[in-house]
Structures are given as C-alpha cells and as structure tokens.
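To start, the structure itself, in structure tokens.
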Amino acid sequence: MLRGAATFVEDIPRPHAHHLAFVRSPVAAGRIAGIGTEDARAVPGVLAVVTAADLGHPSLTAVLERDEFVPTSMPLLAHDRVRYAGEPVVAVVAESRYVAEDAAERVWCDIEECDPVLSLADAASTPVHPEAPDGVLVDLQMFADDLLDESLARAPLVLEETFRSGRVTAAPMEARACLAEWRDRDEQLVLHCSTQVPHQVRTGVAQALGIAERQVRVVAPDVGGGFGLKCVVGREEVVAAAVAARWRVPVRWTEDRQENLTAAFHGHEQEYRVRAGFDAEGRFVGVDADIVCSVGAYSAYPFSCGVEPLMAATELPGVYKVGRYAARARGVATNKPPTAPYRGVSRPQIVLVMERLLDKAARRLGIDRVEIRRRNTIAPHEFPYTGPNGITYEPGSYLEALERCVREVTDAGWWERRAGGDGLRRGIGLVNFSERTAYGTATMGLRRMQMTPGFDVSHVRMDASGDVVVTSGTCGHGQGHETTFAQIVADRLGIRPERVKLRQGDTDLVSFGWGTWGSRSLVIGGGAAAVAARTLAGRLKAIAGELLEVGPGDIELADGYARVRGVPEARVAVEEIAATVHFRSHTLSRHHDQLLEARGAADPPGMFSNAAHAALVEVDPGTGDARVVDYLVVEDCGVVVNPTVVDGQVRGGVAQGIAAALYEELTYSPEGQPLAGTFMDYLVPTASEIPPVAVHHLQTPCELTETGAKGMGEGGTIGAPAAVLAALNDALRDCEADLDHIPVRPADILRVLTTGTRTEREDTA
Amino acid sequence: MKPAPFEYHRAYTPKEVTELLLELGEDAKILAGGQSLVPMMNFRLARPTALVDINPVSGLDYIRRDGDVLRVGALTRHRSVELSTEPDVHNGFSVLPGAARWIGHFPIRSRGTVGGSIAHADPTAEWCLLARLYDAEIVVLGEHGTRTVPSDEWFTGFLTTAALPGELVLETRFRRPRRHGTLLEYARRRGDFAIAAVAVAFDITDNRCHDVSMVLGGVANEPLRVPEAEAYLEGAEPGERAWAEAARLAAEAVTPGTGPDDGDHGYRRHLVGTLARRALAEAQAGPAGPRPRGGAS
Ligand SMILES: Cc1cc2nc3c(=O)[nH]c(=O)nc-3n(C[C@H](O)[C@H](O)[C@H](O)COP(=O)(O)OP(=O)(O)OC[C@H]3O[C@@H](n4cnc5c(N)ncnc54)[C@H](O)[C@@H]3O)c2cc1C
C-alpha cells in the first residue's frame, strides 16, 4: 500500500471499457413526467442511454420482518418519482467519462417538483413513500415499562433534554468504484467492486438482474476505506452490472467526490428527546427516550433503514445501570440520500446522550463528574449483568478504564492546562462507554432482518512448500487483516506470519461470507481462521507423530518445526511434512487425500469492548474557534492481537469522531439542495486539526471468542463526539447555556458565550 | 466532474497570448496555475471553448523592488513569495511572505500564481486584499498595448475585474510601503479560504499612527477598505484603546447583504472585530511572521 503497489478498481487496466455517468435528479422531490434521451444518444461515442424502463424496472428491497416496519423498494434508476437531489435517473454509457458527462447534459428530465420532506416535522405533509403515509418507515417501541413514569415522577431530579447530531458521511479516500464485465466463456458477470461485502453485492446483483448467484462473481480488490458506506449495495454498481450483462461490454463507474458527498449513503442524522430521573446521590432511576433517525429516502440493501433506530433503542444505556428503561425509535423517510451503517451506527449519539445526562446531573446535584460515573457504572462483581434492555454484558473493565483515564489525564497535567489564563478557554471531557462488536447470528436474529448476518467461515490450506493460504468471508479494506489473520494462523501452526497469506474478497474463491463491518472481522473471521488453523495443526501433529514415532499429543508446533515436547532435537520441519503429504504420501501409513486443508467457522453472540476517552479542547472567545489539543484513550478489546493495528483503528476512529463533533455536516437548503458538495464545504479535518492521540490498553480476555479478542473497529468514532462535546461544555462551564448538539460551530460557541454566566463549579478529580 | 470539451493552446510570449485570445474569441480563457479555473471547469461552472496556457511564457516570474514599488510578475507562484526573504525586497512589504502562508495547501501554493489570483478576484484571496491594502496598480496587456489599472478600480464585484476581454495581467505593483503590516484571517481548517480576513498597514511616527490602510476580506463581493477606521486611526495613539475603537468601526462595516453568503453575518461581524483588533496589535508589535490561525497567541 505505502509503496504504491496496491490495486484499486481504477488500477485494473481495461483500456476498452466503457464508462458510466448518471443523470441525477436536480430536485429533492418530484414526479417524473417525461425523460428525453434522443439528443444524448446522438453524441458520438455514446453506446447507450439507459432508463429504468430499459432495464425492466429493477430494484433492491431491504426488509425487516416486523409489523412496525414498512417495506419500500429502491429502484436502480428512478422512474415515477425522484426522492432526493442526486438520485440517479438515467445512465449514460460512453467510450469515456468525458463523453458520458457531455451526453448526460443533453438528457432532459421533466420533473413536477413538490415540497421536500427534510425532517420529522414535515414527514406527513408529502410522504416520501405512499406506503408510509406518516413518513415513518419503522417505529419501534421497546422495553415498555409500566412503572417508568411513576419512578420518574418520584425522582428528586428529572432532566428533560434534547440532543441532536448532524448528517455526516464516511467520505472514504477511495469513493465507490466498480468495473463490470460479462464473460461469455463462463456465462458469468464479473464485477470488480470497491465493497466491504462481496457476497451481499453478489446476492443483490443476482436478485436485481434475475440471474443465478453463480452467474455473478464479485471481486473486491484493494479497497480504499469503507466505514460502512460500502457495506450496503449501491444502485450504481448494480446498474453497471446490468449494462455489462445486457450490452456485453466492460463498463466502469468511478464515483467522483461530488457524487460521493451528495448522492451516496449518509448517516447519523438523529434527534433524542430524553427524560432521565436521578436519585439524590446521582444514580439513575429511569430513562425514557424518544429517538428519531432521519434515514433518508430509501431503505438500503441488505441491512435496511432499521439499523440506526434499532441500535439506538437497544443499546442506549451503555455501561450504566439506568434503573427503568423504555425507548421509542423511529426511522423517518426524508428527501435526502439513504443512510448506511456508518461507523459507530447510533452509538456516537447514544454515548453522547448518556454522557451529557451524567454531566448535567452531576452539575445539578453538585457531584463530581467522575464520582457520578462511578456510582452508575456496572461494577466488576455485577458481571454478567443483564440490563433493562435485555442485553447481558460479559465482563469488561468499565470502572478500571475510567479510573485509569482520570489518572493518565492527571499525570499528563491536563488539569493545570485547563486553568488557562492566556485568553483562551480550556475544557476537559471525560467519557466512558462500551461498544458491542461482532454481532453473531443469535444477536442479529433478534433484529428480524430478511437477511440475517452473523457467522463466518474460513479455509486454511498449506501447500507443498509449507506456505499457507487462509481465506475469509470477511473483507478487510485497510484494517490490516493481512497481518492479523496471518498472526492468528501462524501462531497455531508454529510458523512465521510471513508464510501465511490472506485471500478474501472474491466470491468464486470464498464460499460465503458476511464481509467486514460492525467490528466483526478479527473476532468472527479471525475466529473461524483460528478454528481452521487448529484443525490443520492437529493434522500436522498426527503426521509428525508418525514420522517421529510418537503420539500426536507429544508434538508441539513451534519455530517452523513439529517437535517432540521436551526433546527439541527430535523434530521435523513443517516444509518436510508438507512435502511428504503432497509428494510421498505412500511413505505414510495412511493416505492423506485430504491434504493439509481445514475449514473453520465462528459465530459468537457478540461481545462488548469498552473504553474511556478524554479530550482537552481550547476555545478562542474571539473567534469561536474550538480545537482539540490533546486526546487520550484507555481501551479494552480483550486480547490485543496486534497493538499497532488496534492503535491505528482507535486513532482513525477518534479523528472521525472529532470530525463529527466540530467539522463535518451535510447541510441542505430549505428546497432540499445539498450545500456540501466538495471538501471545501464538507470539512473533513486534516492532520492540522487532529491532535496526538495517546492510546493505553487494558486486556480483559473474552471467553466468548477463539482468540480472547473482542472487536474494536468503531470505538474511536463512538467515544470522540461525546468527549469533545463534554470538553466544550467544560470550557464554557461558567456560561448559562449548554451545547447539546454536534457539530458545534464557532457561531454556536459565541452564542453560548453571550447567554450569561453562572457560578463556576470547581471540578478536579 | 469532467470538463466540457475545450481546445488547448500554449503561448510563449505575452504578445502571443493576446493574439491567441483575440483569435479564439471571448470564450477562450487564460490558464495560469489552474488552481481556480480547473476546479470550476471540472464542475462545469466555467466552460471555456479554449485555453491559452501561459505557463511557458518567460519573464513573468519575478519579485522586484523599484524604489517605493514592489513589482510581482503575474506568473510568480504563491510559494515563491512565501519563501522570498530578501529584506531589501520586502522592506515595508513584509506582510507579503507571511500572507502567502495562508493560501491553501502546499501543492496549491506551488502551482497557483499571483496574477491568477488578482485576475480571479476572489473577495477573500490574500493577494486581492493586499492589492487593496497597498494601493497596488495592475499592469495589463491588451490588443492595443499595456495599461495600468489602480486596484480601487480593478475589483468590480464578485469574481469580476476591470480587465477587458483578451487582456493579460502582466504585473502587480504594490505601493506605499509601511513599516507595520499584518494580515490575519480565520478559517476552521488550516488551508481553507478565510471566513473573514483583515489586513492592516501603517507607520508610527512620534507615537502616532500614519498612513493607515485597513482591508476586510470575506465580508463583501470584493476586498473592502474601511475608510472610517483608517480615518479614525490617522494620528491616533497606537494602543489597545485605539485598536478597540478601530475594530468596532471595522465590524460595523460588515452589514447584511455585503457578504457572499449572508446567513452568518452576525458571526462574521464579531470575527472581523476580533481579527481587526488582533491584527492592529500584532502589526504594532513588529513585522509579521508565521502565526497560528485566528491570530490567538
Ligand atoms: C483547495 C483550494 C484552496 C485554496 N485556498 C486559497 C486561499 O486560501 N487563498 C487564495 O487566495 N486562494 C486560494 N486558492 C486559489 C489559488 O490561490 C489559485 O491559485 C488562485 O486563485 C488563482 O491562481 P491560478 O494561477 O491558479 O489561476 P487559474 O486557476 O489558472 O486562473 C484563474 C482565473 O484567472 C485567469 N487568469 C489567470 N492568470 C491570468 C493572467 N495572468 N491574466 C489574466 N487572467 C488570468 C484565468 O483565465 C481564470 O479565469 C485555493 C485553491 C484551492 C483549490
């Protein structure tokens, strides 16, 4: 990757491939009265100009099998109505992207515009989908508790608060891209696609095109980031496949940044109205949440638009004992692009909500904010703990992480820095949270998705020279799976990781898989690889035992040898075993026609990593500027397979969380026009805006997984918005108003600074 | 994000540029560093039928001092100004290298040109602010020879100038050197166009301010001079009191309707007040150098 040797979709040479450009809806909502394609067809170099009718109105449909869910379909190309500005209506196929864009300009769409739905408030006025007249695609009432109201009524302190988070997008360095080809020889469509979920893309394409799964081969080459944006199936990719299948030409589509920001998948546009009761000591007595997620115009395939509301309602309590709990969570259709499970999925928001509630309660009750967390956090002796949300939490280091974080911050001199005195305000944010990872079938089954992910499989095989190939149904896209999977397999075979190569992301090579998302790969994919490697190790031991004339139980695998335990000179090299099995099988008592191959599977229920984050921010009252100047993470993801990889995930995640807290937002005009179509308006922070992030590890080995590891891909993004928001409020601690939304802009800070002051609460830990 | 079709021509002398432009007609455009034009073409916001690439033209890349005038050739890259350290060149114009640091990112500064920026006339562009601050003259070459346009007549609106079709900017002449000068701006990310910027220049003699200029960027369709603040400061005693009053006058110059996007004019006004106060104090303290954004120390 760093040497420039990676192969992304765009790097696959196909000089004669055609290129796709999409004619996209110029308006947020409207009825398509007519489409004219003649002028575009006449442009030299154009192969075809394709409408939904030309393709037979294919669509993708993602369904939750629940009464509270309204199924809706996402057409590959809009035909009767357009539902967001940027929605693809017509596809132009031409010899180059330049010609395709020239021709796209000549397509005319006659659209009768109507008022757009941009929020819950106007959802019922002109419903986005007639199937859902109130505009609500999913309405979940969970954990109803008859005694909740009564408990809140009796509580000494009840907070009624509203929290909001802005619409953001993953903005991976490599936007979406695909190359679709029809291979006559195999009667197969080969789709190279920048995706996190090759098998789900295969299913989506096969279903939408009405062909067999075997007739679709999806290959994910090197993928330049996904963050959830690529764990759903994009309609443009399926259109490319349809064009290649129909016209039998190779065809490319490479999303440009404007399309990526305005017409791909978004996430995290949510509002929480929460009532939370506390006793006089600051302990929760109950939490009642009303959650609205603006899920955009369509339910993305295969996970559906239920992802954010379900996650929010189920997991809001986090590491805290909240007493009684009930939540209503709605997914509201709006005339904006659909949402995908963007890194964190509702957890950046629920952590923000819980942490704000605790900071507010601490302040109202005059309790130190670390102390109030101590009182509410699930304690070590309470594991396994089952909460009012029905989740059972396995052991974690919740309190230890918090205490360690406070200690590190204190040792690093943050409290002295917070005192300031140079015209800048400084604040410290401290948050503590968990991150559910590696959701297996048992947990995913509760969601009742028509397609329920969970398990994964792996295949490990050793060749005649003793080198190993491991396959996985997960599909890394920059997380270093090549390294960590090799470590896991090599450890079990007693060989060096360099001798193990990971193969993934090809549906003809890997029998099936659920891809990479939800912090599942190392635990589920790596767990399956560990199982397979363990089986293969057993076979190596059996053969070595025969060669060394001892029982297999006396053999250990280490340093590239199978050797007799306690008699290290009695050994045979793994290469030797491999060569014997392949080439001199007749010398063995048993014929090893199974060679050195093994399969493994893993399907753990899901487990909770945890972390405490601390942010130090500086606020300039003159400009309203806020910047995070220091950041510290204490995290526990069980057994750390590779600290560099874990630290990289944490740091990148924190950067994305800081981005959501202070910089990034996809804003829309009242007409529903996207206002952030470039990186000049969508403020992805640069290295200059991201502080150093110190990472400390605690390790509570997980008993539910093969390796003792827990997932950890999202925690950085989950904790950082809450930590930054807490730090901002701390920097403004003498001001009357609170900041309860993200992203916080300079003007918001100046507004709080002018709202009047209250007495400063001294807060040291 | 691909441009509409266009022809591409190279020119090697200024005369060739103007001849080509004349021949190619009004829809032809000059291509200098391409850091503003090419993005606009990719978004199809600009659709020139032909480009005349002036990068091969020699003799337009220089920074020269002529008495009280600092002459900067049109093809001088932002980065060249940023790196130039000749005290003789910059004496009285020391704000220029410091201001260059605020422009975009390293690749943009390496490629973008001073002439391109002056011709593009973005109301937050550093060179446009400084042209107004130092009462620059812009030297242009047209079909009938060269002419010189004072900067207060050059900027005629958002991204528009007094240049006639087919004219080539040859040089920007910064005038009225002063000992004290600073450009301060605020953007949320390093390298972004400023939300607002303030540039000041003045001399101090006998503990009085003289020859004061103040220009605001990002608050109007063109760089905005603040005559009220300039007049107030003329003869005033340098110091916090004067700076605060001048900053108030600067903020007052920010009125609804003057900004490019006016949703946030209250915020811009506050920002201009802060930046003006800090810029004046910093300029008083000495010639400008690199500093953190927003000017907070
Ligand atoms: C991400 C990004 C951030 C940026 N940030 C800043 C910033 O903070 N501050 C800032 O000032 N600029 C910024 N810029 C713009 C940059 O400075 C440009 O280089 C500059 O505005 C134009 O100079 P250019 O040489 O690139 O001109 P070009 O893009 O080549 O041309 C711009 C326009 O000027 C015309 N033109 C160019 N040269 C001449 C000439 N000699 N005579 C007549 N007409 C001419 C062209 O025809 C065109 O219309 C940024 C650009 C980008 C992409």
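Chains as they are written, first to last, in the working numbering: chain A, 1 to 765; chain B, 766 to 1062. Even for Gly, the Cβ is constructed at its ideal location relative to N, Cα and C.
Residues in its own chain within less than 8 Å of residue i by CB, not counting five upstream and five downstream?
| i | result |
| --- | --- |
| E435 (chain A) | R347, S519, F608, S609, N610, A611, G711, M712, E714, G715 and I718 |
| E371 (chain A) | G282 and A362 |
| D145 (chain A) | G286, R324, Y325, A326 and P388 |
| V70 (chain A) | H129, E131, A132, V136, L137 and V138 |
In whole angstroms, give me the CA-to-CA distance for residue i and residue j.
| i | j | result |
| --- | --- | --- |
| R745 (chain A) | P1021 (chain B) | 20 Å |
| V531 (chain A) | V523 (chain A) | 11 Å |
| T850 (chain B) | G799 (chain B) | 26 Å |
| G246 (chain A) | R448 (chain A) | One point to set straight first is that residue 246 (chain A) is Arg, not Gly, in the sequence displayed. The alpha-carbon atoms of R246 (chain A) and R448 (chain A) are separated by roughly 35 Å. |
| D368 (chain A) | L739 (chain A) | 19 Å |
| A890 (chain B) | F958 (chain B) | 7 Å |
| L20 (chain A) | A676 (chain A) | 23 Å |
| P198 (chain A) | D222 (chain A) | 12 Å |
| R775 (chain B) | G881 (chain B) | 16 Å |
| T507 (chain A) | D463 (chain A) | 22 Å |
| I903 (chain B) | R897 (chain B) | 11 Å |
| K336 (chain A) | E664 (chain A) | 17 Å |
| G224 (chain A) | F8 (chain A) | 7 Å |
| P395 (chain A) | T126 (chain A) | 48 Å |
| E161 (chain A) | I742 (chain A) | 15 Å |
| G30 (chain A) | A687 (chain A) | 41 Å |
| R539 (chain A) | H477 (chain A) | 32 Å |
Could you give the residue range of the beta strand (DSSP E) that holds residue i?
| i | result |
| --- | --- |
| M979 (chain B) | R973 to G982 |
| A722 (chain A) | Note, A722 (chain A): premise wrong, no beta strand (DSSP E); alpha helix (DSSP H) at G715 to A731. |
| F871 (chain B) | No beta strand (DSSP E) holds F871 (chain B); the alpha helix (DSSP H) holding it covers F871 to R876. |
| Y561 (chain A) | Y561 to V564 |
| Q141 (chain A) | V136 to M142 |
| F433 (chain A) | R425 to T437 |
| V501 (chain A) | Sequence check: residue 501 (chain A) is Lys here, not Val. V500 to Q504 is the span of the beta strand (DSSP E), which, as asked, contains K501 (chain A). |
| T970 (chain B) | A961 to T970 |
Count the other CB atoms within 10 Å of the CB of residue i; is the residue buried (16 or more) or exposed (fewer)?
| i | result |
| --- | --- |
| M806 (chain B) | buried |
| L933 (chain B) | buried |
| Y272 (chain A) | buried |
| T841 (chain B) | buried |
| G473 (chain A) | buried |
| G1004 (chain B) | exposed |
| V619 (chain A) | buried |
| Y439 (chain A) | buried |
| L60 (chain A) | buried |
| Q141 (chain A) | exposed |
Measuring CA to CA, which of the options is closest to residue i?
| i | options | result |
| --- | --- | --- |
| A681 (chain A) | A:V168, A:Q141 and A:G56 | It should be noted that the sequence gives Asp, not Ala, for residue 681 (chain A). Considering only alpha carbons, the answer is A:V168. |
| H885 (chain B) | B:A839, B:H1030, B:C974 and B:Y777 | B:A839 |
| D603 (chain A) | A:C305, A:L147, A:L704 and A:T262 | A:L704 |
| P721 (chain A) | A:R185, A:H268, A:P497 and A:G4 | A:H268 |
| E1014 (chain B) | B:L981, B:P988, B:D976 and B:T970 | As written in the sequence, residue 1014 (chain B) is Leu, which differs from the Glu given in the question. The shortest C-alpha separation from L1014 (chain B) is found at B:L981. |
By Cβ distance below 6 Å, which residues in the same chain neighbour residue i in space, the five residues on each side in sequence not counted?
| i | result |
| --- | --- |
| V287 (chain A) | A276, V322 and Y325 |
| G600 (chain A) | S458, A528, V531 and A532 |
| N260 (chain A) | A175 |
| V63 (chain A) | P71 and Q450 |
| E255 (chain A) | A175 and R176 |
| A1012 (chain B) | G1038, A1041 and R1042 |
First and last residue of the alpha helix (DSSP H) that includes residue i?
| i | result |
| --- | --- |
| T254 (chain A) | Run containing T254 (chain A): none in the alpha helix (DSSP H); it sits in the beta strand (DSSP E), V251 to T254. |
| S845 (chain B) | H843 to L848 |
| E576 (chain A) | V574 to F583 |
| I690 (chain A) | Looking at the DSSP string, I690 (chain A) is not in any alpha helix (DSSP H), and its letter there is neither H nor E. |
| I372 (chain A) | R369 to N376 |
Within a Cβ cutoff of 7 Å, which residues of the same chain sit near residue i, ignoring the five residues on either side of it in sequence?
| i | result |
| --- | --- |
| T755 (chain A) | C735, E736 and A737 |
| V639 (chain A) | Q699, P701, T707, G708 and A709 |
| G931 (chain B) | T783, L786, L787, G907 and E908 |
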